[in-house]
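Okay, structure first, notes after.
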Amino acid sequence: MCLAIPGKVLQKEDRDGALIGRVDFGGITREVQLDFVPEAEVGDYVIVHVGFALSRLDAEEAARTLELLREMGALAEEGLEDKVTSDE
Amino acid sequence: MANPKIKASFGFQLLTSDTGLRAQIMKYIDEYRDATLARPLIAEIKKRVTRPWVLMEICGGQTHTLMRYGIDEVLPPQVELVHGPGCPVCVTPLEVIDKALAIASLPNVTLVSYGDMLRVPGSHTDLFHVKANGADVRVAYSPMEALKIARANPTRQVVFLGIGFETTAPANAMAVWQAAREGLKNFSMLVSQVLVPPAIRMLLKSPQHRVQGFIAPGHVCTVMGFEEYVELSRDFHVPIVVGGFEPVDLLEAISMLVAQLEEGRAEVENQYVRSVARAGNRPAQEIMVKVFEVCDRKWRGIGLIPRSGLSLREEFAAFDAEKVFDVAAQDTDEPAECISALVLQGLKKPPDCPAFGERCTPANPLGAPMVSSEGACAAYYQYRRHSESARSKTP
Numbered sequence: 138m139c140l141a142i143p144g145k146v147l148q149k150e151d152r153d154g155a156l157i158g159r160v161d162f163g164g165i166t167r168e169v170q171l172d173f174v175p176e177a178e179v180g181d182y183v184i185v186h187v188g189f190a191l192s193r194l195d196a197e198e199a200a201r202t203l204e205l206l207r208e209m210g211a212l213a214e215e216g217l218e219d220k221v222t223s224d225e
Numbered sequence: 036m037a038n039p040k041i042k043a044s045f046g047f048q049l050l051t052s053d054t055g056l057r058a059q060i061m062k063y064i065d066e067y068r069d070a071t072l073a074r075p076l077i078a079e080i081k082k083r084v085t086r087p088w089v090l091m092e093i094c095g096g097q098t099h100t101l102m103r104y105g106i107d108e109v110l111p112p113q114v115e116l117v118h119g120p121g122c123p124v125c126v127t128p129l130e131v132i133d134k135a136l137a138i139a140s141l142p143n144v145t146l147v148s149y150g151d152m153l154r155v156p157g158s159h160t161d162l163f164h165v166k167a168n169g170a171d172v173r174v175a176y177s178p179m180e181a182l183k184i185a186r187a188n189p190t191r192q193v194v195f196l197g198i199g200f201e202t203t204a205p206a207n208a209m210a211v212w213q214a215a216r217e218g219l220k221n222f223s224m225l226v227s228q229v230l231v232p233p234a235i236r237m238l239l240k241s242p243q244h245r246v247q248g249f250i251a252p253g254h255v256c257t258v259m260g261f262e263e264y265v266e267l268s269r270d271f272h273v274p275i276v277v278g279g280f281e282p283v284d285l286l287e288a289i290s291m292l293v294a295q296l297e298e299g300r301a302e303v304e305n306q307y308v309r310s311v312a313r314a315g316n317r318p319a320q321e322i323m324v325k326v327f328e329v330c331d332r333k334w335r336g337i338g339l340i341p342r343s344g345l346s347l348r349e350e351f352a353a354f355d356a357e358k359v360f361d362v363a364a365q366d367t368d369e370p371a372e373c374i375s376a377l378v379l380q381g382l383k384k385p386p387d388c389p390a391f392g393e394r395c396t397p398a399n400p401l402g403a404p405m406v407s408s409e410g411a412c413a414a415y416y417q418y419r420r421h422s423e424s425a426r427s428k429t430p
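Quick note, the sequences are listed as chains A and B, same order.
Those letters in the first sequence? Residues 138 to 225, by our numbering.
Those letters in the second sequence? Residues 36 to 430, by our numbering.
Printed below as a string of structure tokens:
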């Protein structure tokens, strides 16, 4: 029940006071309620749970974290960090 | 549907097997399953750790990721993971299941529920069997679908089984709000919402607990923010890191916790920055406050935790299935062998249970943690942690 998944907003419309979006989850599209994330625009990614978007994915934060982790990985590759020992 | 090959540790076949099964790359998922990002995190943890630490991930979804990707097996042996009560299906009280069963068995009632509630054992039966015997039980992925069913079937009473943590509460609140706005006469919700921080507080007050650091549930915090955890961290001097659900997220959260513990710090940090803000989601919190109020709640296996649940406010009484249906509480009856209470509090692990994998399996569950997609027992079973080494380190 905690599992929420990220998807890309393809379309957004107001339907009888509810904010309904069409969201793409890696090829499968679903209707999602965007009422809790009204600032989400077409092209944004949102985290969706039980048919509702709960947050707008912060692309910059995500990119920053991934970049940091990639750097750590690159350093490890070059032997500048301790090597991962194989499973004992 | 577990493929034992996929389970085999972070053996780096992983990313290929995962994407091999799908045509499309899933953005914001695949990057966080990337073995090349996992390796330096594992190395970091191994380098930092100088003594044993017991960590608890709170959410069942996180337990499943840890098991599925073999994270418990690649961590250094000093880092022990115990599993928390963050499986809403597992903690739904037996009384609620029994009530749902009684309601579903009434004429002209359509009971709508999330899929994994169907096989959760009640005192005598479960929704799946009741459905097999002719009751109108339907599976939905959203409470809004239950509303649709109510609108389409005005002569039937439609009841939605509204269980969950703070993650599902905004959607459930919205469904009731919408029903009230439309003046729907045939829709109600059987509410069993629970809140995470009171459960953690209770756990920390228990003299038997061994947890030294927590991974807080990333989607609960997406809704609620993490202010409440600051208080917990301070009161009990325990580090808490808000974590996501992919293997790289959990490894990063574990790395942050180990760093705090090794340095003697006890703070709240946020690993899941791409989804969680300190204040959480305001519109979601607002609808929750409009529709629900805090109440005492019973947690299956654990017992009553004061102010740990949500119930519908008085003005929504017409949509409260507890009030709409007069179903008396029956004598509830837990199978004697099930140790789910101890598993949910991180005091025992599933393989410690004598019934695990033998008398208790997903096809024939004795308790909720074996049947729920977020249950610890189901995770251990599915990802094959039957061995001696998977048992608790304490008797």
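Even glycine gets a Cβ: it sits at the ideal position worked out from N, Cα and C.
It should be emphasised that the depicted structure is a prediction, and the values quoted were computed from it without experimental measurement.
Report the option in 190/B, 394/B, 93/B and 385/B whose CA atom is closest to the CA atom of residue 422/B. 385/B
Tell me whether residue 51/B sits in a helix, a strand or coil according to DSSP, three-state version. Because residue 51/B carries a pLDDT of 40, less than 50, the predicted location of this residue cannot be relied on, and the following value inherits that uncertainty. DSSP, read as helix, strand or coil, puts residue 51/B in helix.
Buried or exposed by the 16-neighbour rule on C-beta atoms within 10 Å, applied to residue 175/A: exposed
Could you compute how far the alpha carbon of residue 268/B sits from the alpha carbon of residue 345/B? 23 Å
At which residue ranges does the stretch 263-334 of chain B contain complete beta strand (DSSP E) runs of 3 or more residues, listed in the order of the chain? 275-278, 303-305 and 327-334
Using alpha carbons as the reference points, say which of 199/B, 279/B and 144/B lies closest to residue 257/B. 279/B
Contact list for residue 210/A against chain B, beta-carbon separation under 8 Å: 71, 72, 74 and 75
How is residue 159/B classed by DSSP in three states: helix, strand or coil? coil
Can you look up residue 222/A in the DSSP assignment and give me helix, strand or coil? Note that residue 222/A scores 44 on pLDDT, short of 50, meaning its location in the model is unreliable; the coordinates nonetheless yield the value given after this. Residue state, collapsed to three classes: coil.
Alpha carbons only, please: which of 192/B, 320/B, 328/B and 193/B is nearest the one belonging to residue 261/B? 320/B
So that I know if they touch, is there some Cβ in chain A lying closer than 9 Å to that of residue 309/B? yes
Cβ atoms of residue 227/B and residue 332/B: under 9 Å apart, would you say? Here residue 332/B is near residue 227/B, since their CB atoms are less than 9 Å apart.
I'd like to know if residue 181/A contacts chain B, where contact means its C-beta is closer than 9 Å to some C-beta of that chain. no
What residues in the stretch 76-93 of chain B have a beta carbon less than 8 Å from any beta carbon of chain A? 76, 77, 78, 79, 81 and 82
Chain A residues whose Cβ lies nearer than 7 Å to that of residue 66/B: 203
Express the C-alpha separation of residue 188/B and residue 335/B in angstroms, rounding to a whole number. Answer to the nearest angstrom: the Cα atoms are 33 Å apart.
Taking only the alpha-carbon atoms, compute the straight-line gap between residue 420/B and residue 389/B and give it to the nearest angstrom. 14 Å
Per-residue burial, residue 210/A [other beta carbons within 10 Å of its own, 16 or more giving buried]: buried
Counting only C-beta atoms, is residue 143/B closer than 9 Å to chain A at any point? Not closer than 9 Å to any Cβ of chain A, the Cβ of residue 143/B fails to qualify, so no.
For residue 416/B, which three-state DSSP category applies? Looking at residue 416/B - three-state DSSP - the assignment turns out to be helix.
Residues sharing a beta bridge with residue 204/A, DSSP: In DSSP, residue 204/A forms no bridge with anything.
Residue 183/B and residue 139/B: beta carbons closer than 9 Å? no
I'd like to know whether the C-beta of residue 427/B is nearer than 9 Å to at least one C-beta of chain D. Absent from the structure: chain D. Protein chains present are A and B.
Presumed contact (8 Å Cβ cut-off) between residue 351/B and residue 326/B, rounded CB distance: 6 Å
Would you tell me roughly how many angstroms separate the C-alpha atoms of residue 217/B and residue 121/B, rounded to the nearest one? 34 Å
Enumerate in chain order the residues of its own chain whose CB-to-CB distance from residue 413/B is below 7 Å, with the five nearest sequence positions on each side excluded. 397, 404, 405, 406 and 407
Under 7 Å (Cβ pairs) to chain B, residues found in the stretch 145-161 of chain A: So the list is empty, because no residue satisfies the distance condition.
Going by the beta-carbon positions, is the gap between residue 169/A and residue 154/A smaller than 9 Å? no
Span of the alpha helix (DSSP H) around residue 253/B: 253-259
May I ask you to verify whether the stretch 294-313 of chain B touches the stretch 129-138 of chain B, counting CB pairs closer than 8 Å and requiring at least 3? Output reads no: the stretch 129-138 of chain B does not touch the stretch 294-313 of chain B.
Is there at least one Cβ from chain A nearer than 9 Å to residue 215/B's Cβ? no
Could you check the C-alpha separation between residue 395/B and residue 212/A for me, to the nearest Å? 47 Å
Tell me, to the nearest whole angstrom, how far the beta carbon of residue 239/B is from that of residue 273/B; I am working on the premise that it is less than 8 Å. So it is a contact: roughly 7 Å between Cβ atoms.
Starting from residue 341/B, trace the beta strand (DSSP E) both ways and give me its first and last residue. 338-347
Going straight from the alpha carbon of residue 392/B to that of residue 148/A, what length do you get? Each residue's alpha carbon lies about 46 Å from the other.
Counting Cβ pairs closer than 8 Å, one from the stretch 69-84 of chain B and one from the stretch 287-295 of chain B, do we hit at least three? yes
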